[in-house]
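The next block holds one structure in the form of structure tokens; read it before the comments.
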Amino acid sequence: MSSAGMSGAINIMRRELTGYFATPVAYVFLVIFLVMTGVFTFYLGNFYERGFADLDPFFRFHPWLYLFLVPAISMRLWAEERRSGTIELLFTLPLTTVDAVLGKFLAAWLFIGLALVLTFPMWITVNYLGSPDNGVILAGYLGSWLMAGGFLAIGSCMSALTRNQVVAFILSVVVCFLFLLSGLPMVMNLFKGWAPQVILDGIAGLSFFKHFADISKGVIDLRDLVYFVLVIGFWLFANVVILELKKAE
Amino acid sequence: MIEAKSLCKRYGSFTAVDDLSFTVEAGQVLGFLGPNGAGKSTTMKMLTGFLTPTSGTALINGIDVTENSVAALKHIGYLPEGAPSYGEMTVRQFLAFIARARLIDSRDVDDSVDKAIDKLNLSTVAHQPIETLSKGFNRRVGLAQAIIHDPQILILDEPTDGLDPNQKHEVRHLIQDMAHDKIIVISTHILEEVEAVCNRVMIISDGKLLADDTPSGLISRSRYHNSVSMVVAEAEKVASVLSELPEVAKAELREGELTLFPADGNGLFEAITAAISANHWQVSALRLEVGRLDEVFRSITRKEATS
Numbered sequence: 002m003s004s005a006g007m008s009g010a011i012n013i014m015r016r017e018l019t020g021y022f023a024t025p026v027a028y029v030f031l032v033i034f035l036v037m038t039g040v041f042t043f044y045l046g047n048f049y050e051r052g053f054a055d056l057d058p059f060f061r062f063h064p065w066l067y068l069f070l071v072p073a074i075s076m077r078l079w080a081e082e083r084r085s086g087t088i089e090l091l092f093t094l095p096l097t098t099v100d101a102v103l104g105k106f107l108a109a110w111l112f113i114g115l116a117l118v119l120t121f122p123m124w125i126t127v128n129y130l131g132s133p134d135n136g137v138i139l140a141g142y143l144g145s146w147l148m149a150g151g152f153l154a155i156g157s158c159m160s161a162l163t164r165n166q167v168v169a170f171i172l173s174v175v176v177c178f179l180f181l182l183s184g185l186p187m188v189m190n191l192f193k194g195w196a197p198q199v200i201l202d203g204i205a206g207l208s209f210f211k212h213f214a215d216i217s218k219g220v221i222d223l224r225d226l227v228y229f230v231l232v233i234g235f236w237l238f239a240n241v242v243i244l245e246l247k248k249a250e
Numbered sequence: 004m005i006e007a008k009s010l011c012k013r014y015g016s017f018t019a020v021d022d023l024s025f026t027v028e029a030g031q032v033l034g035f036l037g038p039n040g041a042g043k044s045t046t047m048k049m050l051t052g053f054l055t056p057t058s059g060t061a062l063i064n065g066i067d068v069t070e071n072s073v074a075a076l077k078h079i080g081y082l083p084e085g086a087p088s089y090g091e092m093t094v095r096q097f098l099a100f101i102a103r104a105r106l107i108d109s110r111d112v113d114d115s116v117d118k119a120i121d122k123l124n125l126s127t128v129a130h131q132p133i134e135t136l137s138k139g140f141n142r143r144v145g146l147a148q149a150i151i152h153d154p155q156i157l158i159l160d161e162p163t164d165g166l167d168p169n170q171k172h173e174v175r176h177l178i179q180d181m182a183h184d185k186i187i188v189i190s191t192h193i194l195e196e197v198e199a200v201c202n203r204v205m206i207i208s209d210g211k212l213l214a215d216d217t218p219s220g221l222i223s224r225s226r227y228h229n230s231v232s233m234v235v236a237e238a239e240k241v242a243s244v245l246s247e248l249p250e251v252a253k254a255e256l257r258e259g260e261l262t263l264f265p266a267d268g269n270g271l272f273e274a275i276t277a278a279i280s281a282n283h284w285q286v287s288a289l290r291l292e293v294g295r296l297d298e299v300f301r302s303i304t305r306k307e308a309t310s
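One line per chain: the protein sequences are A and B, in this order.
In terms of my numbering, the first sequence is residues 2 to 250.
In terms of my numbering, the second sequence is residues 4 to 310.
This is the structure:
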């Protein structure tokens with residue numbers, strides 16, 4: 002933290018958000034996000050045919066949506082600063098690396114939060130059609146936003162490794178994919194039979210899927226919240242370390 | 004005060020900056036002069052904490068810039084190489100961001116931005132996105148962000164690169180205006196700039212310090228220092244007559260211009276003017292040379308390259 006506390010991070014966050022809306026990036030992302038959630042919910046999720054008044058078909062596809070859309074946001078976070086040389090400007094301001102990493106992360110996270118908020122017609126629709134448990138829906142939104150934060154922290158860290166946005170995108174998708182898959186049967190079957198139960202639990206415990214599914218059932222367990230906070234904290238810490246190491250290169 | 008103590012920067016087996024030590028005090032305008040790739044920018048990046056030195060330290064007003072970069076950087080205004088900025092922002096938005104990052108009180112941000120815009124003549128483009136501006140405006144935006152918090156130390160990497168002659172003149176004027184109570188370090192490969200704004204010059208080549216002097220001190224190292232150049236009819240005859248004078252060490256005729264080098268440094272000009280009037284030579288140009296910085300620069304940096 003700088004001597005001015007969070008003000009350094011907040012200043013960076015404001016600048017980033019200004020940057021998003023000064024270019025078509027923000028609008029293109031928002032439109033695509035909203036169209037894709039709609040397509041997934043109604044066509045793949047059989048929202049109407051299921052006959053249940055809930056948003057499960059909506060939330061179920063969020064991990065897959067984030068797998069590609071969050072790296073599309075995060076890939077430019079640091080790669081673009083390196084390519085354009087503004088990283089030199091940024092790191093010679095009286096700010097800490099932690100300020101800069103937090104500011105950028107918060108801006109992107111708030112932006113994805115805005116995209117989620119803009120899906121409110123979905124919530125209105127389901128309330129119009131039936132009487133869903135709005136607590137569960139709220140939990141779903143919270144879980145989805147936390148999971149997006151996890152993807153974003155990974156993406157931000159990957160973006161710090163390169164000046165090439167395409168490389169940053171691919172690296173992010175791969176690492177996010179591993180985190181997603183770690184709980185699925187196809188991965189677990191690889192380990193079952195030879196790995197001890199502790200390791201199996203550990204691998205399964207890393208999965209975004211499992212923790213997101215738990216939260217979006219409406220059961221907000223402290224362990225699931227802590228899990229996402231730890232994932233975000235770990236990757237942002239790695240992000241800071243990578244940036245510091247690059248200074249000595 | 005800036006203190007560089009044995010700064011070294013190595014990339015594998017390549018040494019970009021090799022054991023550089025110097026101090027700069029208030030009132031000094033120091034020019035880093037050197038060929039491209041000499042290590043000027045790398046040195047500036049280490050002074051501003053953007054790069055961590057392989058060994059050695061840089062102190063800004065006694066604060067180690069690697070150990071405590073936030074405290075050290077408060078004293079510095081920095082224009083990085085190429086004047087990078089956030090192109091999608093307008094000039095005003097960008098300068099306001101820098102002002103806040105420079106810890107200017109939120110009530111004074113607008114005022115500081117106005118002053119910086121005024122100083123760099125940016126008012127006509129204040130509301131345009133930076134990426135739509137010409138190279139000259141871009142550079143001035145970079146300078147505006149460097150001075151917005153009225154820093155005690157200014158580090159400017161090629162401040163006039165890409166500017167037209169009038170803009171160069173304005174920027175040099177700006178630097179001179181700020182010079183009296185500040186420390187200013189500029190890097191350049193434009194020799195006339197050093198003569199125009201600096202009161203101290205460091206010539207760097209291959210990461211090594213080759214000369215540290217005042218501009219006039221450097222110029223006096225020139226072999227042309229105190230020589231006399233003239234354009235004269237029948238130059239070869241004149242040359243042979245003048246070489247006989249005890250004040251003349253050597254005469255050189257090049258491209259129609261005759262240059263006479265002094266034997267001991269005194270009385271050459273007087274001796275030549277006396278000879279001209281005595282012999283009624285037709286002289287169309289005559290001047291006393293103070294020296295040529297480009298020649299000093301070449302001889303210093305080439306000596307290094309060949310040794």
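Heads up, the beta-carbon is just placed ideally off N, CA and C, and yes, glycines get one too.
In this structure, I155(A) keeps its C-beta atom at 9 Å or more from the C-beta atom of V188(A). Cβ-Cβ separation between D21(B) and G210(B): approximately 4 Å, consistent with a contact (criterion under 8 Å). The beta carbons of E28(B) and I186(B) sit about 7 Å from each other, so the pair counts as a contact at 8 Å. With respect to the C-alpha of L212(B), the residue from Y14(B), S16(B), V32(B), G37(B) having the closest C-alpha is G37(B). Taken in chain order, the complete alpha helix (DSSP H) segments of 4 or more residues contained in the segment 211–255 of chain B are 218–222, 238–245.
As far as DSSP is concerned, V168(A) takes part in no beta bridge. The DSSP assignment places complete alpha helix (DSSP H) segments of no fewer than 4 residues inside the segment 177–249 of chain A at 186–192, 198–206, 209–217, 223–248, in order along the chain. In the DSSP annotation of this structure, K48(B) is not part of any beta strand (DSSP E); the continuous alpha helix (DSSP H) holding it starts and ends at 43–50. With its beta carbon less than 9 Å from one in chain B, E250(A) belongs to the interface. The C-beta distance from L33(B) to C201(B) rounds to 6 Å, short enough to meet the 8 Å contact threshold. Judged by their CB atoms, K48(B) and P83(B) are nearer to each other than the 9 Å cut-off.
The distance from the Cβ of L157(B) to that of A147(B) is about 12 Å, inconsistent with a contact at the 8 Å cut-off.
Within a 10 Å sphere around the beta-carbon of H152(B) sit 16 or more other beta-carbons, which makes this residue buried.
Under the Cβ criterion of 9 Å, S75(A) is not counted among the residues facing chain B.
Note: A61(B) is bridge-paired with A7(B) in the DSSP secondary-structure output. Those residues of the segment 76–88 of chain B placed with their C-beta closer than 8 Å to a C-beta in chain A are L76, K77, I79, Y81, P83, E84, G85, P87, S88, ordered along the chain. Under the Cβ distance rule, G86(A) counts among the residues neighbouring chain B, one pair being separated by less than 9 Å.
The alpha-carbon separation between A99(B) and R13(B) amounts to approximately 36 Å.
Chain-ordered, the chain B residues with CB closer than 8 Å to the CB of G9(A) read A104. When R226(B), T276(B), M233(B) are compared, the shortest CA-CA separation from A252(B) is found for R226(B).
In chain order, N12, I13, R15, R16, T19 make up the part of chain A whose C-beta sits under 9 Å from the C-beta of F100(B). Pairing T60(B) with L10(B) gives a Cβ-Cβ distance under 9 Å. Proximity of the segment 64–71 of chain A to the segment 88–108 of chain A falls short of the contact definition, fewer than three beta-carbon pairs being nearer than 8 Å.
When secondary structure is reduced to three states using DSSP, E81(A) falls in the helix class. Inter-segment contact for the segment 206–218 of chain A and the segment 100–115 of chain A is absent: fewer than three beta-carbon pairs are separated by less than 8 Å. Taking the beta carbon of T24(A) as reference, the chain B residues within 8 Å of it are E91, listed in sequence order. No Cβ of chain B is located within less than 9 Å of the beta carbon of L179(A). P132(B) is bridged by DSSP to T93(B).
The continuous alpha helix (DSSP H) containing T87(A) extends over residues 87–91. By the CB criterion at 9 Å, A288(B) and V244(B) fall outside the cutoff. DSSP, read as helix, strand or coil, puts D108(B) in coil. In this model, H63(A) and E91(B) are separated by some 30 Å (Cα to Cα). Straight-line spacing of the CA atoms in V128(B) and H176(B) works out to 21 Å.
Take the alpha-carbon of V26(A) and the one of F170(A): they are about 15 Å apart.
Buried is the label assigned to N240(A), since at least 16 other Cβ atoms lie within 10 Å of its Cβ. In terms of beta-carbon proximity, L90(A) lines the interface with chain B, with at least one pair separated by less than 9 Å.
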